[in-house]
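Notes follow once the structure below has been shown.
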Amino acid sequence: MNRRTTCVVMLVLLTGLAAPAIVAAADEIVLGAAISQTGKYAREGKFYVDAYTLTVDAINKAGGVKVGGKPYRVLLKLYDDQSDPNLSVRLFTRLVTSDKVNFLLGPYSSGITIPASAIAEKYEIPMVQGGGASGKIFDRGYKYIFGTLPKAELYFQAAVELAAKLTPPARTAALLYSNEAFDRSVAEGARQWLKDARIDKVYDEEYQPATQDFTSILAVIKTKNPDLVLLAGHEEGALNFIRQSQAADLNPRMAVFTVGPPTADFRKTLGKAAEYIYGITPWLPEMSAGGEIFVSAKDFDKQFQQRFGYAADYHVASGAADVLVYKLALEKAGTLDPKKVRDALAAIDADTLYGHVKFEATGQIAIPQVVVQIQNGAPVPVFAGGKMAGKALYPTPRWSERK
Amino acid sequence: MLLLQVLINGLLLGGLYGLMALGMSLIWGVMNIVNVAHGALIMLGAYLAFWMFTLWGWDPFLALPAVIVALFVYGYLLQRFLLNLVVRAQLFLTLLITFGLEVVMINVARMLWSSDLRQVTPAYAGANFAVGGLTIPYVRLWVFVTTAVLSVIFFVLLERTRLGRAIRATSEELRAARLAGIPVAHIYAVTFGLGAALAGAAGGLWGMLFPITPVMGGSLTLKSFVVAVLGGLGTMLGAVVGGLVLGLAESFTATYLGPTYPNAISFGLLVVILIVRPTGILGRAGSR
Amino acid sequence: MRGGRAARLGVAAAVVALIAAAPGVASPFIVQFIINVFLLAILAESWNIIGGFTGYASFGNVAFLGIGAYTTGILLTKASLPLAVALPAGGLAALLLAAAVGLPILRLKGHYFAIATLGVAETMREVVYNVEITGAGTGLVMPIARNPLLFFYLMLGILVAVTAVNWWLANSRFGYGLVAIREDEDAAVAMGIPTALYKTIAFALSGAFCGLAGGVFAYWITFIDPDAVFKVIVTIQMIIMAVFGGAGTVLGPLLGALVLASVSELLSTQVVTLAELFYGVIVILVVLFMPKGLVDVIRRRAFSARAVAATLREYRI
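Residue numbers (our numbering), protein chains in the order written: chain H, 256 to 658; chain X, 6 to 293; chain B, 13 to 329.
See the structure below:
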């Protein structure tokens with residue numbers, strides 16, 4: 256090998272050695288995360304970036320976090336994972352080994368959280384995430400992962416119960432889900448709920464996450480003429496499906512989506528086409544919930560809207576809760592030691608703007624979900640806690656009959 | 006009834022696949038360049054149509070001529086000042102350089118416009134009409150009609166004009182074309198420009214049906230390969246036939262096998278065709 | 013020269029020993045970086061066997077990386093087998109796939125072969141996406157390995173092995189046979205070389221090493237999904253590194269990997285998109301100005317502008 260080239264290469268490698276690491280100053284706590292700021296999850300990812308930012312600023316404004324009597328400022332270090340789980344893994348590894356952040360917040364989507372949480376477990380740094388709901392995140396016996404979204408497998412339970420209770424009750428259902436962790440978990444649960452409600456499952460198919468063309472799928476679903484359509488997918492997929500179902504003239508009595516309806520961005524993008532659609536959420540601003548920093552859910556929503564110009568939804572509240580939970584745990588633990596903070600997190604039992612936060616042994620939260628329906632552009636609760644909570648506009652009028 | 010709907014869906018989309026592959030087939034047939042950046046050109050066309058719609062409110066169909074001209078110029082310059090420098094190198098090197106171009110175009114697009122999904126949604130996006138139990142979305146129908154029109158214009162250009170004759174002469178026998186006084190470097194550039202223009206038009210139309218991202222081109226390049234090889238490399242009509250065949254194959258697979266299978270089938274088909282009958286449906290044995 | 017060869021081997025051994033000692037002095041971050049460079053070097057050297065020596069430019073070698081990764085991954089997670097079993101199994105699976113795929117596909121020439129290999133890689137990705145045992149779209153999470161040195165030495169070992177194979181090719185009858193196929197396949201057939209067999213062996217070897225690298229890679233990054241291990245950009249990376257360094261030479265791909273991976277890793281600490289853009293630009297520049305690679309340029313001392321112009325004149329229209 257040419258001597259000159261060797262020197263050049265050595266020089267290049269040495270420069271790499273000099274790559275600076277961001278070490279927090281003495282009285283700062285750094286929360287790090289790689290979150291989807293671009294790519295297919297960009298819409299949802301933004302909710303978490305904004306939620307983390309608002310909560311961190313609110314905490315600092317209220318005096319920061321008091322650990323062992325000393326006040327600490329909270330800092331955020333965020334990377335863009337471009338909605339790619341592989342990039343996420345690399346970035347989380349960098350956050351832990353090179354940037355040496357204190358604790359981790361979560362990415363969005365179960366598909367990304369499953370591998371990212373393995374990094375937290377590997378380096379024994381707690382990760383509190385509010386963007387991944389699949390049970391698969393929590394069934395590996397990991398000790399360092401906590402989640403504020405309720406179990407994916409339970410998502411459709413209330414909606415299916417509702418469908419069986421309305422008049423006329425739904426008799427047949429079509430189940431469509433994306434080939435991704437969260438959605439497969441939701442579908443697994445859904446099959447059980449449909450069986451329990453004695454609703455006939457006439458269609459049960461999986462689609463590639465990158466699918467943009469639902470024409471064939473819609474053509475087949477139309478021939479089965481289901482009363483109930485259940486779609487487990489992320490926001491982009493839901494948007495495309497609804498637009499194309501309008502073009503294909505599919506008219507079920509009730510259509511439920513795992514992601515979208517409670518979210519302002521979704522309703523705004525679809526406009527009129529969003530009416531009558533059902534969704535699921537563990538949080539609404541009108542809920543009676545409140546705690547430290549944000550005295551009520553409504554107050555949180557108000558502050559959020561003031562700062563970011565759009566209404567908060569459960570993703571936002573969940574992200575805010577994640578940051579808050581660290582404050583509570585750190586103050587309880589009285590130390591920055593990851594192992595002790597991990598134990599404090601596991602023992603959390605507190606009221607917050609997001610509701611009551613208590614993690615089960617697996618690390619996942621257990622909170623009830625509410626079925627909402629979009630009426631006049633707003634999500635209206637129609638079914639909660641096993642009983643009707645509002646009037647559902649049922650059955651959904653045909654596309655041609657809507658104004 | 007489902008059968009008929011699946012058939013129609015397949016044909017409507019297949020027409021667009023054919024248009025996509027036409028550009029690739031042209032460049033391959035004339036200059037023996039396999040343009041791996043083909044999908045990136047489609048992507049550029051889609052973004053162009055998107056920005057004209059979003060910033061100036063131009064209807065995507067009406068914006069097509071602008072997209073075609075812009076991509077033609079871009080393609081011409083690319084060939085004239087870059088690809089002409091390596092066009093007689095080993096096949097593998099031309100393949101590699103177009104690969105490099107693709108990576109550059111995708112990442113520049115990512116830096117300029119981010120990876121967020123974009124969509125062109127004119128007011129008539131959801132409209133459809135029903136005929137005898139079939140539902141046909143207007144946009145798909147108009148896309149199909151447009152691809153048919155563009156294909157016809159292209160064939161007329163290639164068969165009936167002096168330019169077309171010059172292109173065909175250059176593809177058949179380079180030295181003779183040179184001796185006849187044809188400015189080969191210029192003709193090559195025009196050919197690539199045409200191929201790029203076709204890709205751009207396909208992109209503008211694609212963007213009306215599906216979300217647009219910087220990485221959308223990758224699978225479209227592969228689909229164009231499948232179509233071009235399926236129909237018969239170097240035969241333009243083959244591209245159209247191949248496109249319809251692929252559209253039908255995907256539609257039937259998605260409906261009767263399951264929505265997650267169409268891609269696997271397309272690529273599997275590519276490999277099988279290459280092994281069994283590399284000249285494709287309409288190709289002549291011994292042709293490039 | 014006999015003496016020269018012994019001296020060269022001695023130097024090579026010394027270099028390897030030096031590199032092997034690196035984890036003792038370098039920071040964990042640098043160790044990660046070096047492991048990544050090793051991986052790319054293995055891929056470049058593997059590609060060199062079929063692309064450089066034999067002249068069959070495969071554009072789908074990432075398929076073997078993927079199969080190796082998934083085989084090892086599935087055996088580690090679903091069958092709870094130890095790495096000592098799962099890893100060789102990954103390499104074996106890749107070897108068998110390459111041989112099986114190679115038999116029909118190696119009959120194709122030029123563009124057709126390249127596209128067919130691309131098709132194979134894409135088909136593999138789609139198949140893996142659809143099959144339950146691979147975890148489909150969700151991917152596989154490996155058992156957590158807390159010893160980074162394991163990966164360092166595994167990758168180093170595989171790299172030494174594949175480079176040794178390349179060296180053997182440059183100095184054996186089998187290798188000369190491959191070169192004959194590259195230069196003029198019809199003449200090679202006329203000379204009595206069993207071309208189909210030789211090509212398949214070369215392809216299988218190439219695939220096997222990609223598969224081994226894939227197995228280690230899967231365990232190393234703890235998580236794989238179809239998009240991670242069947243990435244088209246990886247194929248471009250291995251080709252351009254081999255071409256940049258010198259396709260068909262023994263150390264060329266290694267050199268190419270070292271230089272290009274280093275710069276790319278530095279760039280990707282800033283923005284990942286920049287790193288990819290860098291590769292694209294490098295590819296274009298290399299094809300234009302030094303298509304025969306760095307080793308060739310150094311050997312011929314062809315640094316001048318005149319040499320570059322000569323290359324261009326050969327290829328332009």
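C-beta: ideal position from N, C-alpha, C; glycine also.
### Query
Does any C-beta atom of chain H lie closer than 8 Å to the C-beta of X/N14?
yes
### Query
Hey, how far is the Cα of H/K595 from the Cα of B/I62?
C-alpha separation (whole angstroms): 54 Å.
### Message
Distance check for B/L263 and X/G198, CA to CA, integer angstroms please.
### Response
40 Å
### Query
B/M154 to H/E491, Cα distance in whole Å?
So the alpha carbons of these two residues sit roughly 29 Å apart.
#### Entry: chain X contact for B/R328 (CB, 8 Å cutoff)
yes
### Task
Decide if H/D339 is buried, meaning its Cβ has at least 16 other Cβ atoms within 10 Å, or exposed.
buried
### Message
If I follow the unbroken alpha helix (DSSP H) through H/V335, where does it start and stop?
### Response
The amino acid at residue 335 of chain H is misidentified as Val; the sequence shows Asp. H/D335 -> not in any alpha helix (DSSP H); beta strand (DSSP E) instead, spanning 325 to 335.
### Beta-carbon gap between B/G80 and B/G226 smaller than 8 Å
yes
### Message
Quick check on DSSP: helix, strand or coil for H/M509?
### Response
Three-state result, H/M509: strand.
### Query
On the premise that B/P265 lies in contact with B/A273, defined as a C-beta separation below 8 Å, what is that separation, rounded to the nearest angstrom?
Going by Cβ atoms, the distance from B/A273 to B/P265 rounds to 11 Å, so no, they are not a contact pair.
### Task
Give a yes or no on whether the C-beta atoms belonging to H/F614 and H/F401 are separated by under 8 Å.
yes
### Task
Could you tell me whether any Cβ in chain B is nearer than 8 Å to the Cβ of X/T265?
yes
### Message
Helix, strand or coil for H/T607? Go by DSSP, reduced to three states.
### Response
strand
### Query
In chain order, what residues of the same chain have a beta carbon less than 7 Å from the beta carbon of B/L93, not counting five sequence neighbours either side?
L87
#### Entry: Rounded straight-line distance, which links the Cα of H/A633 to that of H/P519
The amino acid occupying residue 519 of chain H in the given sequence is Ala; Pro does not appear at that position. Taking the straight line from one Cα to the other gives about 8 Å.
### Query
Would you say H/S471 faces chain B, with C-beta separation under 8 Å as the test?
no
### Message
Let me see if you follow: with CB-CB separation under 8 Å, is B/L181 close to chain X or not?
### Response
no
### Task
Output the distance between the C-alpha atoms of B/L171 and B/F221, rounded to the nearest integer angstrom.
9 Å
### Query
Are H/E530 and H/R657 closer than 8 Å when you measure CB to CB?
Their beta carbons are under 8 Å apart, which means H/E530 touches H/R657 by this criterion.
### Query
At what residues does the alpha helix (DSSP H) containing B/A157 begin and finish?
From DSSP, B/A157 is part of no alpha helix (DSSP H); its letter is neither H nor E.
### Message
Quick check: X/G209 and X/G50, are their CB atoms within less than 8 Å of each other?
### Response
yes
### Task
Starting from the C-beta of B/V27, find all residues in its chain whose C-beta is less than 7 Å away, skip the five residues before and the five after it, and write them out in chain order.
none
#### Entry: According to DSSP, residues forming a beta bridge with X/M140
The sequence shown places Thr at residue 140 of chain X, not Met. Bridge partners of X/T140: X/A135.
#### Entry: Short Cβ contact (8 Å threshold) for X/A54 with X/A42
no
### Task
Kindly confirm or deny that the region 182 to 199 of chain X and the region 28 to 37 of chain X touch, where touching means at least three C-beta pairs closer than 8 Å.
yes
### Query
Are any of the Cβ atoms in chain X nearer than 8 Å to that of B/A322?
No Cβ of chain X is located within less than 8 Å of the beta carbon of B/A322.
### Message
Applying the 10 Å Cβ sphere with the 16-neighbour rule, what's the burial state of B/W180?
### Response
exposed
### Message
Just to confirm my understanding: we take X/G138, look at its own chain, exclude 5 residues before and 5 after, and list those with CB closer than 7 Å. What are they?
### Response
M6
### Query
Would you report the Cα separation of X/L155 and B/Y210, rounded to the nearest angstrom?
48 Å
### Message
For chain H, check one thing: does any of its Cβ atoms lie closer than 8 Å to the Cβ of B/R312?
### Response
no
### Message
Whether or not the region 324 to 343 of chain H and the region 362 to 377 of chain H are in contact is what I'm after, with contact meaning three or more pairs of Cβ atoms, one per stretch, closer than 8 Å; do they touch?
### Response
Under the three-pair Cβ rule at 8 Å, the region 362 to 377 of chain H counts as touching the region 324 to 343 of chain H.
### Message
Does the region 61 to 77 of chain B come into contact with the region 102 to 117 of chain B, if we say contact requires no fewer than three beta-carbon pairs (one atom in each stretch) closer than 8 Å?
### Response
yes
### Query
When DSSP builds the beta bridges, which residues end up paired with B/R328?
Residue pairing by DSSP leaves B/R328 without any beta bridge partner.
### Query
Between which two residues does the beta strand (DSSP E) harbouring H/S433 extend?
427 to 433
### Task
Can you tell me which of the three DSSP states H/E541 falls into?
coil
### the region 220 to 252 of chain B: positions lying closer than 9 Å to chain X by Cβ
V244, I245, T247, I248, I251, I252
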